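From first to last, the protein sequence lines stand for chains A and B. Counting from 1, position 254 in the first sequence corresponds to residue 267 in our numbering; the numbering is continuous, with no gaps. Counting from 1, position 181 in the second sequence corresponds to residue 187 in our numbering; the numbering is continuous, with no gaps.
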Amino acid sequence: MDYFAQQAINAIQQGSIYALIALGYSMVYGVLTMINFAHGDLFMVGAFACLLIASFFPLPFIVILILVMLATGFLGALLERLAYRPLRNAPRVSAIITALGCGLVIENVVLSLSPYAKPMPPLFTVTGYHIGGLSVSTLQLMIIGVSIALMLGLDFLIRRTSFGMAMRAISFDAKTVPLLGIPLNRIISVTFLIGAGLGGAAGMLYGQAYPVIAASMGILVGWKAFVAAVVGGIGSIRGAVLGGYILGTVEVMTVAFLPSTYRDLVAYSLLLVILIFKPYGLLGKAPNQKV
Amino acid sequence: MSALLEVRNVSRHFGGLKAISECGFSVTEGHAHGIIGPNGAGKTTLFNLITGIYKPTSGEIVFAGDRLDGLRPSRIALKGIGRTFQNIRLFKQLTVLENVRIAYDSQLHYSPLEALLTLPRMGRNEAESIAKSSALLEAFGLGALSESLAGDLPYGLQRKLEIARAIALNPRLLLLDEPAAGLNSGETAALTEFLRWVRTEYKVTLLLIEHHMHLVMGLCDRITVLDFGQKIAEGTPEEIRGNKRVIEAYLGADEE
């Protein structure tokens with residue numbers, strides 16, 4: 014039982030990171046119905062931005078987090094402005110290929126600057142606590158706490174602010190929104206800013222949990238978070254969070270109770286089964302059927 | 007009374023099709039101005055030109071002294087032009103209140119980042135936005151439905167909500183694209199009264215496309231008639247009623 018509880022904590026940690034990344038995919042899909050395949054690389058940039066800032070300025074964790082989110086956020090918004098906006102009315106496949114290309118460019122820029130994997134220094138002294146048979150570290154608490162705080166902040170932003178209403182309105186009918194006096198492009202830029210910022214935060218947290226970072230680290234994690242977003246229902250904010258936690262849980266539990274090489278096999282098989290029964294994802298809505 | 011909107015010699019071509027050609031008219035402030043014409047005459051295209059969805063191929067559109075052609079739709083809306091659509095375009099999965107708040111909030115001019123950095127003011131803005139939007143819904147008789155999803159409202163109330171949403175922009179000019187579409191004659195009569203009330207209560211000039219002649223003749227001060235993208239007549243309802251070209255456009259000319 015203790016073993017299970019221990020794994021549950023690990024699952025929440027892993028799920029939190031997937032959920033943060035999956036949010037970026039889902040938000041962008043919501044406003045543009047496109048998949049930002051460069052998102053995994055923004056996650057990687059978050060880890061490197063953290064390394065860069067931390068090695069020059071010994072700032073408190075929270076300050077570094079904010080700087081990392083701003084840096085990756087602006088990179089995401091820049092990507093939209095320079096690469097995706099000109100293709101707004103182009104076929105979707107062109108936009109998707111562009112996104113893949115942008116991801117590869119970012120990855121290779123980082124690779125040229127940092128050809129080898131780099132160790133990530135811890136940003137604070139990690140202490141472990143033992144409660145009964147459980148061991149929890151301050152790092153785990155930090156990852157889970159920061160992720161949940163960011164997700165609650167996002168939820169507030171989307172439900173309560175006029176930006177959030179405009180963002181939801183765009184995902185239902187982007188053409189009507191400007192006629193109500195709302196600058197469509199600004200809302201889309203901010204959506205990218207926030208989505209990429211959350212991805213960058215996830216990269217920073219991931220770098221603390223697995224303290225060796227490399228230019229290629231965003232590929233697999235990015236794909237997995239994308240799958241999580243689709244399973245949760247792409248375009249749905251809560252779906253992305255749910256999908257992230259499901260994926261994290263399945264992965265961690267598979268490794269805990271089965272041979273560790275089964276991890277991805279079990280995780281993806283389960284996700285495929287979910288999609289067979291819920292083709293729009295767990296919380297996704299089928300588009301309105303027109304008779 | 008001066009001209010609030012002037013459409014000056016505007017054309018819009020789609021490839022070889024001249025959807026609007028050299029069309030010109032002006033809308034007097036305070037008037038209800040009707041646009042009628044057979045299907046395909048270019049009426050909705052004209053609305054799309056005024057609201058900036060299309061750019062004119064040639065000609066200019068002037069609103070309250072400023073050129074509109076070339077401006078983005080969101081800028082035009084904020085200059086004071088609200089609009090409803092032939093096929094209702096509410097945000098069906100948002101609540102009634104949210105539909106109105108979106109339009110109301112667009113005038114607040116604060117950026118989302120600014121909002122994050124100045125949380126106390128955001129709280130005040132939110133409270134004001136909810137209060138103003140609720141008051142508007144109350145006036146429109148939709149107060150009790152604020153928390154319903156817009157898509158769950160019956161058709162007639164969706165039409166009303168769409169007008170409320172446009173009014174939330176605080177417009178000087180309200181464009182209504184077939185507001186009576188899908189309504190029976192009793193409902194159309196009620197709509198005519200309702201639009202009169204909207205015009206006085208919110209001091210808004212109306213420009214409406216409509217096929218229901220009772221509504222057009224009963225409500226409008228002036229009527230412009232389009233056919234094949236061109237203006238074929240303009241005048242008071244009485245003048246239009248007796249105009250030979252208008253009758254021909256609707257019923258077809260006798261061929262000799």
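The beta-carbon is built from N, C-alpha and C at its ideal position, and this holds for glycine as well. Given the structure is predicted, the values throughout are model-derived calculations rather than measurements.
What did DSSP end up calling residue i once you bin it into helix, strand or coil?
| i | result |
| --- | --- |
| B:H39 | strand |
| A:V139 | coil |
| B:E12 | strand |
| B:G88 | strand |
| B:A109 | helix |
| A:S249 | coil |
| A:S184 | helix |
| B:I94 | coil |
| A:G294 | coil |
| B:D72 | strand |
| A:F205 | helix |
| B:C226 | coil |
| B:R78 | coil |
| B:E28 | strand |
| A:N23 | helix |
| A:F270 | helix |
| B:S64 | strand |
| A:K303 | Interpretation of A:K303 is limited by its pLDDT of 44, a score under 50 that renders its predicted location unreliable; no figure is taken from the coordinates. |
| A:Q221 | helix |
| B:I59 | coil |
Residues of chain B with a CB under 8 Å from the CB of residue i: which are they?
| i | result |
| --- | --- |
| A:D186 | R95 and F97 |
| A:T189 | F91, R95 and F97 |
So which residues on chain B does residue i lean against when the C-beta distance must stay under 9 Å?
| i | result |
| --- | --- |
| A:A182 | F97, L100, E104, N105 and I108 |
| A:P99 | Under the 9 Å cutoff, chain B gives no residues; its nearest Cβ is about 16 Å from A:P99. |
Thinking C-alpha only, which one of the options is nearest residue i?
| i | options | result |
| --- | --- | --- |
| A:P196 | A:S107, A:I183 and A:G210 | A:I183 |
| B:E240 | B:G149, B:L10, B:K24 and B:I42 | B:I42 |
| A:T46 | A:I34, A:Q221, A:I109 and A:Q20 | A:I109 |
| A:G43 | A:A215, A:S202, A:G261 and A:I287 | A:S202 |
| A:G59 | A:M230, A:F169 and A:N49 | A:M230 |
| B:D72 | B:A9, B:N45 and B:V102 | B:A9 |
| B:D227 | B:T242, B:E216, B:Q236 and B:H218 | B:T242 |
| B:T206 | B:H37, B:V33, B:R14 and B:E12 | B:H37 |
| B:L180 | B:A187, B:A170, B:V222 and B:L100 | B:A170 |
| A:G53 | A:A179, A:G177, A:N102 and A:G114 | A:G114 |
| B:A25 | B:T50, B:R95, B:I229 and B:S154 | B:T50 |
| A:F61 | A:Y38, A:V240 and A:V122 | A:V122 |
| A:L165 | A:I25, A:L295, A:V254 and A:L124 | A:V254 |
| B:C29 | B:L23, B:V13, B:E35 and B:R107 | B:V13 |
| B:G88 | B:A141, B:G235, B:T63 and B:E168 | B:E168 |
| B:S80 | B:A196, B:S64 and B:D111 | B:D111 |
| B:L52 | B:H220, B:L11, B:I253 and B:G22 | B:L11 |
| A:G216 | A:G246, A:A84, A:I171 and A:I25 | A:A84 |
Which chain B residues are close to residue i, counting only those with a beta carbon under 7 Å from its beta carbon?
| i | result |
| --- | --- |
| A:A179 | I108 |
| A:L197 | S80 |
How should residue i be labelled, buried or exposed, when 16 other C-beta atoms within 10 angstroms of its C-beta is the threshold for buried?
| i | result |
| --- | --- |
| B:D75 | buried |
| B:E184 | buried |
| A:Y97 | buried |
| B:S27 | buried |
| A:T314 | Here chain A has residues from 14 to 304 only, and residue 314 of chain A is not among them. |
| B:E199 | exposed |
| A:V304 | Any reading at A:V304 must be qualified, since the residue scores a pLDDT of 45, below 50, and its modelled position is unreliable; no value is offered. |
| A:D277 | exposed |
| A:E320 | Only positions 14 to 304 of chain A appear in this structure, which leaves residue 320 of chain A out of reach. |
| B:R251 | exposed |
| A:R105 | exposed |
| B:G129 | exposed |
Name the chain A residues whose beta carbon is nearer than 8 Å to that of residue i?
| i | result |
| --- | --- |
| B:S139 | Those do not exist, as B:S139 stays about 11 Å from chain A at its closest Cβ, beyond 8 Å. |
| B:A187 | Those do not exist, as B:A187 stays about 17 Å from chain A at its closest Cβ, beyond 8 Å. |
| B:L84 | G194 |
Give the residues of chain A in contact with residue i, contact being defined as C-beta atoms less than 9 Å apart.
| i | result |
| --- | --- |
| B:P44 | Ordered by position in chain A, no residue passes the 9 Å Cβ test against B:P44, which lies about 26 Å from the chain. |
| B:E132 | R173, T174 and S175 |
| B:Q113 | G194 |
| B:S135 | S175 |
Between residue i and the ligand ATP, is there a pair consisting of the residue's CB and a ligand heavy atom that are separated by less than 8 Å?
| i | result |
| --- | --- |
| B:R14 | In terms of ligand content, the structure shown is empty, and the ligand ATP therefore cannot be addressed. |
Residue i touches chain A at which residues, Cβ-Cβ below 7 Å?
| i | result |
| --- | --- |
| B:R89 | L192 |
| B:A70 | Near B:A70 there are no residues of chain A at all, since even the closest Cβ is about 16 Å away, more than 7 Å. |
| B:L175 | L193 and G194 |
| B:T57 | L192 |
Please list the segments of the beta strand (DSSP E) lying wholly inside the region 80-156 of chain A, counting only runs of 3 or more residues, in order along the chain. 141-144 and 147-150
At 3 residues or longer, and completely inside the region 155-223 of chain B: list those beta strand (DSSP E) runs for me, N to C. 179-183 and 211-215
Fully enclosed by the region 34-70 of chain A, which beta strand (DSSP E) runs are 3 residues long or longer? none
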